[in-house]
Structure formats: structure tokens, C-alpha cells
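One structure is given here, and the rest of the page talks about it.
Protein chains in written order, with our numbering: chain A, 3 to 322; chain B, 3 to 322.
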């Protein structure tokens, strides 16, 4: 990618390319915005509930009149856009795990602003997420320079990645048409697996589209290629399916159960897809790859810990 | 150290010297033996209690007649010796954190052999300890080759390390003579801080002594130097002080509180001492050092998690 200076040592030294740095900064900003948006929206909901006496949870819509709720909504959109752009600059192996930091931001802000006390083990979870993220960033792979959407197309149509896509589609079909009707309402893994599998394809197509748009803004118009429009179609399909089943999962099961399972499966599958499609690990030393995987395991463990212990504290308190 | 081949990449590649490999294997064996010894001893205690009808906790000594208890005791001694020898081969930055694995071994064995169910978060703690240990091993520094106890003496008498030793002694004196009588029985940090501070000096002197003995066994007699005997004296003094205050801490407070605090302080101070004395981090890239520190933080967090959640499960069960 353009101007990505700084040769990468075979063992994944600390030298990050300028594109990776941009991607990291965008991913961190995104986590900050998304994390903060939850708190701002909640503060808005509370204020609206006080003003009208009716809570959103029991059917009130007064929050739509509350400016603070809209500020939260806009903050969230800004965060999602930053996340989208981050994928255009840095590998998914780097951007996806950093998403865990939004959970920390919202947990810490909730502690100080909403007075939702953080459990001591939750603090440990935060520390782990940060330590794991640092290890991931240090061992981040460099991306190959991409100059046209056609190159991404070639990556997406290589046999290994087509095999991955085919497997995902088959598994999703089986889950949607066979397992969902039977166990969808009783087993939390069905809906979350569908979301996560589609999510890994979403991120890949978002990355393809993001890179095309980035190249277009840089002056080499990619909108003339049908591949760009095809990726746009894939993004829409995958994101809509993913959102649909995420909502089903959240409607059926407790958020505290769905969130960590979804996060772990989604992140793992996305990284698998990215490693297959973008060959993120080629040219990296075994030490770097293993360190990166350990960093990922730590972030995933930290996220689980934070979610599980969040629930510990909520039970005795009133939920609002 | 002798025959430590394999040049280390500036960024801490996966190539480990043969001495580091020996040190790692010894440290892992040590953790296995020490972890297993707890279980064997406990099994012996139970058997003795069944045979005599009196428990060790209420004053019985029948366990001394139980062969299984002695097998456990010998296993522990073998483990401690392996740990001692490991320090002669690999840096403390590498050996000390791997000690956490003994906690995993005993937790896992307790789960299967003693039927002490491991809490789900305890499993997460185990996973973290392993992931953190892998990161530490990958980024382990290479040791300088030491050919005589005089070299270690020079390291121990460099101004920076003398300053560390002086600070430790002053702080330990203040804690022992001023804070212990006042707060020793109420604040868990007093005794554990004394243990940990002395412990960091114990490990440094153990390492000095171990290296001297290793060189002696390899044919270059170090017992002719007074420095070797001086280190022996320091080992005895430090280890005895450390053990004395560890027993006081365990007598006064709950093991589940003392163990993680002690482990975190002891490991951190030992690594600090080792970094000052042996300059473990010189020649390492910032990325490697930061990765190593993150690995350490993860191991420490995992240990805390394992200890804290162990207590969660014990409360409803009978303690034996």
C-alpha cells in the first residue's frame, strides 16, 4: 500500500509501516467512539426516562427527543466509519482484535460516569485486553501494497479462499435451514455461529470495498471496475444477514452470554479468513505468528472475563 | 554461557540458545514436579486421616507414617532442585514467570484426581498463564557467557545493583522494625513485601551460586574463590528470612490472599533485580522487551484469576 515504509524484520520487529500506524490510530479512535457512544446513549435514555417517566425498555420512545441520545448515535456512526476506514489501511489481524478496546472504554466510562461499579476481575480483564493488544500490535504483519481492486479480486478468487467461502456458505445454509428451526431458541451457538461466519465474510468484503474507495480517493478510480460493485453487493448481503441473526440472538438470549461468544467466534473466524485471503502471515517468523496468536488468546480471554464479571455486579443492582 | 549457539535477532526471534532451552525444560519439569507434589501430599494426608481418624490440620502427625506423603515431599524437593539448576542455565526473566505453571499443574491435577472442581474462570486463568508464558519464552533474552564466579561478583558489585540491594535492605529494615509490630497482623502487604524483597535477593544469589556450581561441575573449580562461599552465605540468609516471613504471612492471613500478592510482588521484584544485575534487556529490541513485559502481566493476571476463583469454589465445599 502507498508509502508503507519501514522494512519489516523477519521476526516482526517493532517497526510499523505508516499505513499500519494509520490503521491502528483509526482502530483505537473507533474503539474510543464506539465505547463512549454506549455511555452517551445510556445517559440520554436515563435523562429521557426521568423527563417522561417512561423507560425505553417498556416501550417509550421519548429518547428520540433527547439530544444526548442523538449525540451518542452520531458518536457510534463516527466510530463505525473509523473502523471501516481502518480496514482499508491495516490487516484484519490487527484491526479486529483492537475492537475489544471499545468494551474497555465503555466499562471504564460506565464506572466513572454511570456509577456502574467495575468488578475487580473486570479490571483484570481490561489489563489483559490491553496487554494482549500491545502484543498483537508489536507483531502485526505488513500488508502487501495493493494498487487496484483487481488484485483484491485475485486474492478473493484464489482456490484456498474460495474453499473457505464455500465452506462458510454450506455451514451457514445448514445452520439456517436445519439447526435454526430445531435448536435456535434453545442453543445460543446456532445464531451466534451464523453471525460470526457471515461476519468474517463481511469484514473481508468491507476491506475489499474500503481499499477500492481509498484508491479511488487517492486518484485511481476503481468504480469503473465491476469488481468494486460486486464487493459492494457482498458487503450489503453479508452485513444484513449478520445483523439479522445478531438481533435474533440478542432477542433470544442474554447479552452477557451472546456478546463474549459472538466476539470470540467472530474475531477468530475473521482472522482465519484474513490469513487465508491476504496471506497476512507469509514472511513472518514462527515466533511472531505464535506471539500474535497468544496476544489474540489473551484479548479474547480478557473480553470473556470482562463480560462474565460484568454480570456478577449487575445481578444485585437494578438494571437500567 | 557455554555452547549457547544461535545468534539472537535484535528483535528476539524464536531461536533459543541451547542453554535457554535447558533452562526452559528444567523450569517446566520443576513446575510439573512442584505442582504434582501438592496433590500427592494432599492425597497422602487424606489417606493418613482415613487410616488414623485424626487430621493434620487438628494436630495429627500420622501422615509421617504414610509413604504417599513422603513421595510428595521428595517430588517437591526434586522440583525445587530442578528450579535451582534452571537458574544456572537461563535468565531469571525466563525462569521465574514459568513458576506460575506449577499452579496450573496442581489446579488441573486437583480437578481430576482430588475432584476439586476447577471454576470456569480458573480454566481461563490457566489459558492465560500458558499464553503469557509462550510470549515470555519467545522473547527470552540471551545470557552473556559467564566463565567465572568473579564475573558474577563484578555484576553484583556494579553501582546500579548495589543501589538496588541497599534500597531493599533499607526498606526491609523499616518494614521489619517499624511497620511489622504496628500493622503486621492487620495489613497483608507488610509480611508479603518483606518476603518478596528478600526473595528477589535470594534468586539473584541462588543464580550466582548455581552458576558457580555448574562451572565447578564442568571442570573449572569455583570453590577456591571466596566469592562462591560469600554467595552461599547470602543464599542462606535471604532464603531463611524469606521463609520466616512467608510462614508468618501464611499463619496470619488466608492462603488465597497471600499467594497471588506474594507471587506478583516476588516475580516483579526478581525480574527488576535480574534486569539490573544481569542486564537481561541489553541488546533486545524495544518490541521484544515490551512483549516480554506484556507476557509477564498476562501470567500475573492469570495467576491472580486462578487464585481468586479457586476460593470461589472452595467456600461451598468442605475444606480438606
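Don't be surprised by glycine CBs; every beta carbon is placed ideally from N, CA and C.
Does DSSP classify residue 281 of chain A as helix, strand or coil? coil
Within 9 Å of any Cβ in chain A, is that where the Cβ of residue 297 of chain B sits? With 9 Å as the cut-off, residue 297 of chain B counts as an interface residue toward chain A.
In whole angstroms, what is the alpha-carbon distance linking residue 189 of chain B and residue 190 of chain A? 45 Å
Sorted by chain position, which residues of the same chain lie with C-beta nearer than 7 Å to residue 319 of chain A's C-beta, five sequence neighbours on each side aside? Note that residue 319 of chain A scores 39 on pLDDT, short of 50, meaning its location in the model is unreliable and no value can be drawn from it.
Neighbour flag for residue 316 of chain B against chain A, beta carbons, 9 Å: In this prediction, residue 316 of chain B scores a pLDDT of 47, lower than 50, which makes its location untrustworthy; no coordinate-derived value is stated.
If you reduce the DSSP assignment to three classes, tell me which class residue 92 of chain B lands in. Here residue 92 of chain B carries a coil assignment [DSSP, helix/strand/coil].
Any chain B beta carbon closer than 9 Å to residue 123 of chain A: yes
Quick one: any contact between the region 131-141 of chain A and the region 63-83 of chain A, if contact means 3 or more CB pairs under 8 Å? no
What residues of chain A sit near residue 81 of chain B, judged by a beta carbon separation below 9 Å? Per Cβ cutoff of 9 Å: no residues; residue 81 of chain B is ~25 Å from chain A at best.
Taking DSSP as the reference, what is the three-state secondary structure of residue 187 of chain B? coil
Collapsed DSSP secondary structure at residue 145 of chain A in the structure displayed: coil
Taking residue 239 of chain A as part of the alpha helix (DSSP H), name the residues at either end of that continuous run. 228-254
From the beta carbon of residue 130 of chain B, is the nearest beta carbon of chain A less than 9 Å away? Interface residue, yes.
Go ahead and label residue 1 of chain B buried or exposed: buried means 16 or more other beta carbons lie within 10 angstroms of its beta carbon, across all protein chains shown. One cannot answer for residue 1 of chain B here, as it falls past the ends of chain B, which runs 3 to 322.
Out of curiosity, what's the CA-to-CA distance linking residue 24 of chain B and residue 92 of chain B? 8 Å
Rounded C-beta distance between residue 239 of chain A and residue 214 of chain A? I'm assuming under 8 Å. 17 Å between Cβ atoms; not a contact.
Taking C-beta pairs closer than 7 Å, name the residues in chain B that residue 136 of chain A reaches, listed in chain order. 292 and 296
Proximity test, Cβ basis, 9 Å: residue 306 of chain A and chain B: yes
With the cut-off set at 9 Å, would you say residue 1 of chain A and residue 275 of chain A are in Cβ contact? Outside the shown range of chain A (3 to 322) lies residue 1 of chain A, about which nothing can therefore be said.
Contact set between residue 133 of chain A and chain B, taken where Cβ atoms lie within less than 7 Å: 296, 299 and 300
Find the residues of chain B that neighbour residue 303 of chain A, judging by a C-beta separation of less than 7 Å, and give them in chain order. 126, 129 and 130
Between which two residues does the alpha helix (DSSP H) holding residue 157 of chain A run? 151-158
Going along the region 173-184 of chain B in order, which residues come within less than 8 Å of chain A, judged by CB to CB distance? Hits within the stretch: zero.
For residue 131 of chain A, the nearest candidate out of A:302, A:278, A:311 and A:234 (CA to CA): The shortest C-alpha separation from residue 131 of chain A is found at A:302.
In whole angstroms, give me the CA-to-CA distance for residue 101 of chain B and residue 32 of chain B. 8 Å
Using a C-beta to C-beta distance shorter than 9 Å, which residues of chain A count as neighbours of residue 310 of chain B? 122, 123 and 126
Helix or strand or just coil, what does DSSP make of residue 71 of chain B? Looking at residue 71 of chain B - three-state DSSP - the assignment turns out to be helix.
Between B:150, B:210 and B:95, which has its C-alpha nearest residue 221 of chain B's C-alpha? B:150
Just to check my reading of the structure: residue 298 of chain A and residue 99 of chain A have Cβ atoms closer than 8 Å, yes? What is that Cβ distance to the nearest angstrom? Yes, they are in contact, since the Cβ atoms of residue 298 of chain A and residue 99 of chain A sit about 6 Å apart, within 8 Å.
Can you say whether residue 277 of chain A is buried or exposed, counting buried as having 16 or more other CB atoms within 10 angstroms of its CB? buried
Considering only residues of the same chain and omitting the five flanking positions on each side of residue 192 of chain B, which have a CB-CB separation below 7 Å? 177, 181, 182, 185 and 186
The alpha helix (DSSP H) enclosing residue 22 of chain B, as first and last residue numbers: 20-54
Please classify residue 164 of chain B: does DSSP put it in a helix, a strand, or coil? helix
Please work out which residues of its chain come closer than 8 Å, Cβ to Cβ, to residue 288 of chain B, disregarding the five sequence neighbours upstream and downstream, and give them in chain order. Here the set comprises nothing.
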